[in-house]
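Novice: In this note's numbering, the protein residues as written are 4 to 502.
Just so you know, even glycine gets a beta-carbon here, dropped at the ideal spot from N, CA and C.
Let me give you the structure first, and then I'll get to my questions.
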Amino acid sequence: MITVNVKRYDPVKDEKYLESYEINESDKMKVLDALQTINEEYDANIAYRYSCRAGQCGSCAIKINGEAKLACKAEINDNDLLEPLNDDVIKDLIVDRNKLNDKTRDLNMYLSYEDERIGKRKPDIILPTLYEETDALRSCIGCYSCLAMCPVLKKTSEFAGPYFMRGLSSITFDPRGDESRSGQAVDSGLYCCTSCGKCSEVCPKEINIYGKAIEIIRARAVQEKEGPLEAHKKIHDNVKNTGKSVGVDKDTGYEEGFAVEYNKTHQFNEKPKIAFFTGCMINNKLPWIAEYLVKILNKLGYEVDIPQQQVCCGSPLLRTGQTDIIQDLVDCNYETFKEYDIILTVCAGCGATLKNNYPEYGAKLNVMDISEFLEDKLNPDDMKEVNLKVTYHDPCHLARSQNITFQPRNILNKIKGLTFVEMDKPAQCCGAGGGVKSGKSEIAEALADEKVEMIDKLDVDHVVTICPFCEYNIQDSLTKNNSEASVINLMELLNKAYD
Ligand code: SF4
Ligand code: SF4
Ligand code: FES
């Protein structure tokens with residue numbers, strides 16, 4: 004027997020209530036079948052939508068334990084909580100799709116030629132390769148799971164959301180159409196997306212919405228002078244003029260940034276096999292994180308090279324559609340790092356870019372996040388006790404872009420004396436990415452405030468993370484909210500254990 008919990012809504016009484024049912028679970032029973040069984044056995048009359056029962060129509064999407072899923076594809080488990088997809092509930096698990104359908108109509112989400120051109124223009128010959136490029140975007144089944152889970156949509160009405168961005172991008176790049184929707188996408192909040200990847204994670208058709216729809220329409224917006232935002236242009240100028248997205252913070256004591264200073268004091272008889280890609284933020288703003296990383300590696304017996312020719316990975320430019328100098332950055336970094344066996348990163352954004360975007364520009368490097376590298380090399384017996392209570396924030400570009408979630412936790416669990424507790428939604432976006440912190444700071448702040456609420460419930464000393472952008476954004480919000488907790492980078496915490 005398993006228990007299934009259903010959040011129900013009675014529109015006649017305008018009453019929401021939770022009901023639990025016990026059913027005999029057959030092997031690999033789908034949620035949709037469980038609902039049907041409940042209705043048959045309990046005469047429960049739970050209202051829910053479905054049609055194809057095969058993941059094709061998108062009508063059966065609901066939330067299962069807080070995550071949007073297709074009820075016809077997801078398997079039921081003991082104590083699952085089934086909820087409607089959003090707050091516009093008509094009855095039980097059925098939500099009102101009219102508002103979303105209206106928005107689809109308002110945005111003219113269909114391919115079109117100018118009327119007068121139909122007669123004049125011969126049909127284009129569509130090459131299969133061109134068609135394939137947008138094929139994934141067209142595979143959307145309109146389940147609206149992405150809209151239900153996008154964290155930004157909960158904070159602003161300025162953003163139409165991933166489903167609509169996918170649609171506008173699909174139309175823009177469809178070889179059968181002849182109109183760009185980049186301006187319309189900007190007007191519909193194109194720059195509100197934090198590139199957190201949650202929409203892609205829940206999409207039953209596995210559409211890479213931010214990578215293959217939002218980023219490419221941002222690039223088109225730049226070409227068509229509809230974007231980017233002013234703050235993004237400054238970052239582009241920094242990278243173009245200095246090779247780094249941010250300037251050196253000289254108060255840190257590293258006048259020329261970490262890599263240059265490191266090379267003044269480190270010469271190797273034999274070139275190390277491991278190199279460290281510092282990233283702009285660590286190199287120029289947070290060099291002590293790099294110091295700790297080097298110290299920990301040395302303690303474990305590893306030498307590390309930090310080539311000073313390295314430039315910005317390009318992440319802030321790729322995320323904001325400013326792609327004109329990306330190939331130059333890729334080429335420079337590839338030439339700099341191609342001889343090393345392993346390239347370490349301590350920034351989620353850099354790691355994700357080097358791993359996921361560089362191959363598209365012809366550069367394949369063996370990149371590892373520091374937590375991946377260290378996870379199986381740390382011995383608690385060599386550590387000092389660290390008597391602190393911490394929680395962990397999953398950077399989006401680590402958890403979803405690199406699939407790294409258990410490695411940092413395994414490291415935390417190895418640190419002697421440390422108490423590690425999970426927050427409510429550790430992998431919920433903090434709002435820092437995608438150019439949102441610089442371009443739409445109110446959204447970044449609202450999302451970070453929600454993170455701070457989760458952190459403050461735990462009475463912890465620190466929230467640990469491995470991303471300088473998350474670090475800054477969450478710390479800003481912790482300070483603003485007079486929180487007792489503060490952010491600590493994983494390297495800083497490990498340094499306490501190895502001090
Ligand atoms: S990447 Fe994140 S913020 Fe952007 S549309 Fe998807 S869920 Fe929303
Ligand atoms: S993009 Fe994916 S998650 Fe969003 S509506 Fe389409 S199929 Fe559903
Ligand atoms: S019933 Fe059609 S997708 Fe689930």
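Across the region 346-355 and the region 272-288, are there enough close Cβ pairs to call them in contact, namely three or more that are closer than 8 Å?
Specialist: Taking 8 Å as the limit for Cβ pairs, the verdict is that the region 272-288 does touch the region 346-355.
Novice: Please name the residue, chosen from TYR475, LEU450 and VAL251, that lies closest to CYS2 on a Cα-to-Cα basis.
Specialist: As displayed, the chain neither begins before 4 nor continues past 502, which places residue 2 out of reach and without an answer.
Novice: Helix, strand or coil for VAL189? Go by DSSP, reduced to three states.
Specialist: Helix at VAL189.
Novice: If you measure between the beta carbons of SER235 and GLN325, is that distance less than 9 Å?
Specialist: In the sequence on display, residue 235 carries His and not Ser. Yes; because the gap between Cβ atoms is below 9 Å, this pair is in contact.
Novice: Hey, would you say GLU455 sits closer than 9 Å to TYR395, going by beta carbons?
Specialist: Here residue 455 turns out to be Val, not Glu, going by the sequence shown. Taking 9 Å as the Cβ cut-off, VAL455 and TYR395 do not qualify as a contacting pair.
Novice: Do you know how far the Cα of ASP46 is from the Cα of THR408?
Specialist: Their backbone Cα atoms lie some 42 Å apart in a straight line.
Novice: Measuring only the C-alpha atoms, how far is ASN89 from LEU421?
Specialist: When rounded, the distance between both Cα atoms is 38 Å.
Novice: Should ASN244 go down as buried or exposed, given a rule of 16 or more other Cβ atoms within 10 Å for buried?
Specialist: Looking at its Cβ environment, which holds fewer than 16 other Cβ atoms inside 10 Å, ASN244 is exposed.
Novice: Kindly examine ligand 4 and report whether one of its heavy atoms sits closer than 8 Å to the Cβ of TYR147.
Specialist: Only ligand 1, ligand 2 and ligand 3 can be found as ligands here, which leaves ligand 4 out of the picture.
Novice: Is DSSP giving SER318 helix, strand or coil here?
Specialist: Looking at SER318 - three-state DSSP - the assignment turns out to be helix.
Novice: Return yes when the Cβ of THR137 is within less than 9 Å of the Cβ of SER183, no when it is not.
Specialist: It is not a contact, given that the beta carbons lie outside the stated cut-off.
Novice: Going by other Cβ atoms of all chains shown within 10 Å of its Cβ, with 16 needed for buried, is ARG169 buried or exposed?
Specialist: Under this definition ARG169 is a buried residue.
Novice: What alpha helix (DSSP H) runs, 4 residues minimum, are completely inside the region 453-483?
Specialist: For the region 453-483, whole alpha helix (DSSP H) runs of length 4 or above, ordered along the chain, are 471-483.
Novice: Does the region 414-434 come within contact of the region 208-226, defined as at least 3 CB pairs closer than 8 Å?
Specialist: The region 414-434 is not in contact with the region 208-226.
Novice: Got a list of residues with beta-carbon closer than 7 Å to any non-hydrogen atom of ligand 3, in chain order?
Specialist: Taken from the N-terminal end onward, the list reads LEU35, TYR53, SER54, CYS55, ARG56, ALA57, GLY58, GLN59, CYS60, GLY61, SER62, CYS63, LEU73, ALA74, CYS75, LYS76, ILE144 and CYS146.
Novice: Along the chain, which unbroken stretches of the alpha helix (DSSP H) at least 4 residues long are found entirely within the region 25-58?
Specialist: As far as the region 25-58 is concerned, its whole alpha helix (DSSP H) runs of at least 4 residues are 34-45.
Novice: Does the pairing of the region 65-80 with the region 26-39 give three or more beta-carbon distances under 8 Å?
Specialist: Cβ pair count under 8 Å is three or more, so yes.
Novice: Note the first and the last residue of the continuous beta strand (DSSP E) segment covering PHE280.
Specialist: It spans 277-280 - the beta strand (DSSP E) in which PHE280 sits, taken as one unbroken run.
Novice: Pairs of beta-carbons, one from the region 144-152 and one from the region 54-69, closer than 8 Å: are there three or more?
Specialist: Segments in contact, yes.
Novice: Helix, strand or coil, according to DSSP, for ILE329 in the structure here?
Specialist: If DSSP states are grouped into helix, strand and coil, ILE329 belongs with the helices.
Novice: Can you tell me the Cα-Cα spacing of THR40 and TYR113, whole angstroms?
Specialist: Each residue's alpha carbon lies about 39 Å from the other.
Novice: Are VAL98 and CYS149 closer than 9 Å when you measure CB to CB?
Specialist: Taking 9 Å as the Cβ cut-off, VAL98 and CYS149 do not qualify as a contacting pair.
Novice: Look at ASN360 and ILE309 and say whether their C-beta atoms are less than 9 Å apart.
Specialist: No. Outside cutoff.
Novice: If you draw a straight line from the C-alpha of SER489 to the C-alpha of LEU497, how long is it?
Specialist: Using only the alpha carbons, I get a separation of about 16 Å.
Novice: In the DSSP assignment, the beta strand (DSSP E) including MET371 goes from what residue to what residue?
Specialist: Residues 370-372.
Novice: When the Cα atoms are used, what is the spatial distance from ASN476 to VAL389?
Specialist: Each residue's alpha carbon lies about 25 Å from the other.
Novice: Can you check the region 89-166 for any beta strand (DSSP E) of at least 3 residues that lies completely inside it and give the ranges in chain order?
Specialist: For the region 89-166, whole beta strand (DSSP E) runs of length 3 or above, ordered along the chain, are 92-94.
Novice: Which of the three DSSP states, helix, strand or coil, is assigned to LYS392?
Specialist: It is a strand residue.
Novice: Could you tell me if LYS130 is buried or exposed, where buried requires 16 or more neighbouring beta carbons within 10 angstroms of its beta carbon?
Specialist: The residue you asked about is not Lys; residue 130 is Leu in the sequence shown. Exposed, because fewer than 16 other Cβ atoms sit within 10 Å of the Cβ of LEU130.
Novice: Might you give, ordered along the chain, the residues of its own chain that have their beta carbon closer than 7 Å to the beta carbon of CYS473, omitting 5 neighbours on each side?
Specialist: Same-chain partners within the cutoff: HIS396, PRO398, CYS433 and ALA435.
Novice: Do VAL210 and ligand 2 come close, with the Cβ less than 8 Å from some heavy atom?
Specialist: Here residue 210 turns out to be Ile, not Val, going by the sequence shown. Within the cutoff, so yes.
Novice: Evaluate LEU55 with the Cβ neighbour count: other Cβ atoms within 10 Å of its Cβ, from every protein chain shown; 16 or more gives buried, anything less gives exposed.
Specialist: Here the sequence assigns Cys to residue 55, which means Leu is not the residue at that position. CYS55 should be labelled exposed.
Novice: Rounded to the nearest angstrom, how far is the Cβ of ASP83 from that of ASN8, given a contact under 8 Å?
Specialist: Between ASN8 and ASP83 the Cβ distance is about 7 Å, and since that is below 8 Å, they are a contact.
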